[in-house]
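Student: Numbering (our numbering), first residue to last: 161 to 397. One structure, pasted below without further comment.
Have a look at this one:
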């Protein structure tokens, strides 16, 4: 019997791509969702990673993705909710639309995917099945410029508790809350120095620490309903 795949939403770049590639290296079948076609997807496909386009900015787009996911696989070993939109707040006429889009990407998509994906997870023959939400350190303190982002990530963090209680004991549901993990293209050394100074560890560790955290959750049969901080000790500053 072939192994059940692991789904990573938003898996075409940055943290999602790194985790998809590492899981594939470790022998796991992987499915990713992606928002738009990009050059990196060809490299992922060449490695045997299944790529499914998805528009999580509308309920119809989410449900369309779920239909195609179920056509692709009859079971899942894990769901990793990594899809995210780092959109700043707007004070214009689009402020409400901006919040609603972030709500759908960060909360409604995971909510619906978890509900409809439960049967795929329970169809997995392996002894452990997981859902992992990627939230954010900012949930703990809010944000002056990304209030909608912080609020909807906080909602995702709370969904961790609800789904952990709802799906226990057959499915474990946890979250990872990163702070600054990797730089964006174009970030200069001055920005990097400022970012490093925010944490007690004084470093920008790279995506490997997220994969280590994900592996811990995927490999531990006795952890559910927790949020694992991966922030370098930001609360100590």
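C-beta atoms are modelled at their ideal positions from N, C-alpha and C, and glycine is treated no differently. Here the structure is a predicted model, which means the values were calculated and not measured.
Kindly indicate the opening and closing residues of the beta strand (DSSP E) around residue 212.
Tutor: Here residue 212 corresponds to residue number 52 of the chain shown, with the count starting at 1. Where residue 212 is concerned, the enclosing beta strand (DSSP E) stretches over 210-213.
Student: For residue 273, which of helix, strand or coil comes out of DSSP?
Tutor: Sequence index remark: in the chain shown, residue 273 carries index 113 (1-based). In the structure shown, residue 273 sits in a helix (DSSP, three-state: H, G or I).
Student: For residue 281, which residues in the same chain have their Cβ closer than 6 Å to its Cβ, ignoring the five residues on either side in sequence?
Tutor: For the purposes of this step, residue 281 is taken as the residue at position 121 of the chain shown. Counting only Cβ-Cβ distances below 6 Å, and skipping sequence neighbours, we find 236, 289 and 331.
Student: On the DSSP letters alone, give me the boundaries of the beta strand (DSSP E) that residue 379 sits inside.
Tutor: Within the chain shown, the letter at position 219 stands for residue 379. Looking at the DSSP string, residue 379 is not in any beta strand (DSSP E); the run it does join, the alpha helix (DSSP H), is 368-379.
Student: Could you give the residue range of the alpha helix (DSSP H) that holds residue 222?
Tutor: Taking the chain shown and counting its residues from 1, one reaches residue 222 at position 62. Looking at the DSSP string, the run of the alpha helix (DSSP H) that includes residue 222 is 219-232.
Student: Among 197, 163, 196 and 199, whose alpha-carbon lies nearest the alpha-carbon of residue 184?
Tutor: Taking the first residue of the chain shown as position 1, residue 184 is located at position 24. Comparing Cα positions, the closest option is 163.
Student: Compare the C-alpha of residue 335 against each of 396, 234 and 324 and name the closest.
Tutor: As a first step, residue 335 must be located in the chain shown, where it is residue number 175. Answer by Cα proximity: 324.
Student: Is there contact here, the stretch 251-264 with the stretch 216-234, by at least three beta-carbon pairs under 8 Å?
Tutor: yes
Student: Residues in its own chain within less than 6 Å of residue 233 by CB, not counting five upstream and five downstream?
Tutor: Counted from its first residue, the chain shown places residue 233 at position 73. 165, listed in sequence order.
Student: Ignoring anything shorter than 3 residues or poking outside the stretch 260-327, list the beta strand (DSSP E) runs there in chain order.
Tutor: List check, beta strand (DSSP E) in window: 290-294.
Student: Three-state secondary structure (DSSP) at residue 241?
Tutor: Here the question's residue 241 lines up with position 81 in the chain shown. Looking at residue 241 - three-state DSSP - the assignment turns out to be strand.
Student: Enumerate in chain order the residues of its own chain whose CB-to-CB distance from residue 173 is below 8 Å, with the five nearest sequence positions on each side excluded.
Tutor: Working through the chain shown from its first residue, we reach residue 173 at position 13. The residues are 198 and 200.
Student: Give me the Cα-Cα distance between residue 245 and residue 266, rounded to the nearest whole angstrom.
Tutor: For this step, residue 245 is matched to residue 85 along the chain shown. For this step, residue 266 is matched to residue 106 along the chain shown. Their backbone Cα atoms lie some 8 Å apart in a straight line.
Student: Taking the C-alpha atoms as reference points, what is the distance between residue 230 and residue 238?
Tutor: Taking the chain shown and counting its residues from 1, the one referred to as residue 230 is at position 70. Taking the chain shown and counting its residues from 1, the one referred to as residue 238 is at position 78. When rounded, the distance between both Cα atoms is 14 Å.
Student: On a CA-only basis, which of 209, 380, 346 and 169 is nearest residue 273? Give me that one, please.
Tutor: Within the chain shown, numbered from 1, the residue matching residue 273 stands at position 113. Cα-wise, what sits closest to residue 273 is 169.
Student: Rounded to whole angstroms, what is the Cα-Cα separation between residue 241 and residue 374?
Tutor: Taking the chain shown and counting its residues from 1, one reaches residue 241 at position 81. Taking the chain shown and counting its residues from 1, one reaches residue 374 at position 214. Going from the Cα of residue 241 to the Cα of residue 374 covers about 11 Å.
Student: What do you get for residue 354, buried or exposed, if any count of 16 or more other CB atoms within 10 angstroms of its CB means buried?
Tutor: Here residue 354 refers to the residue found at position 194 of the chain shown. By the 10 Å Cβ count, residue 354 comes out exposed.
Student: Grouping DSSP H, G and I as helix and E and B as strand, with all else coil, what is residue 344?
Tutor: Locating residue 344 in the chain shown gives position 184, where the first residue counts as 1. Coil.
Student: When the distance is taken between beta carbons, is residue 337 closer than 8 Å to residue 379?
Tutor: Here residue 379 corresponds to residue number 219 of the chain shown, with the count starting at 1. Here residue 337 corresponds to residue number 177 of the chain shown, with the count starting at 1. Their beta carbons are not under 8 Å apart, which means residue 379 does not touch residue 337 by this criterion.
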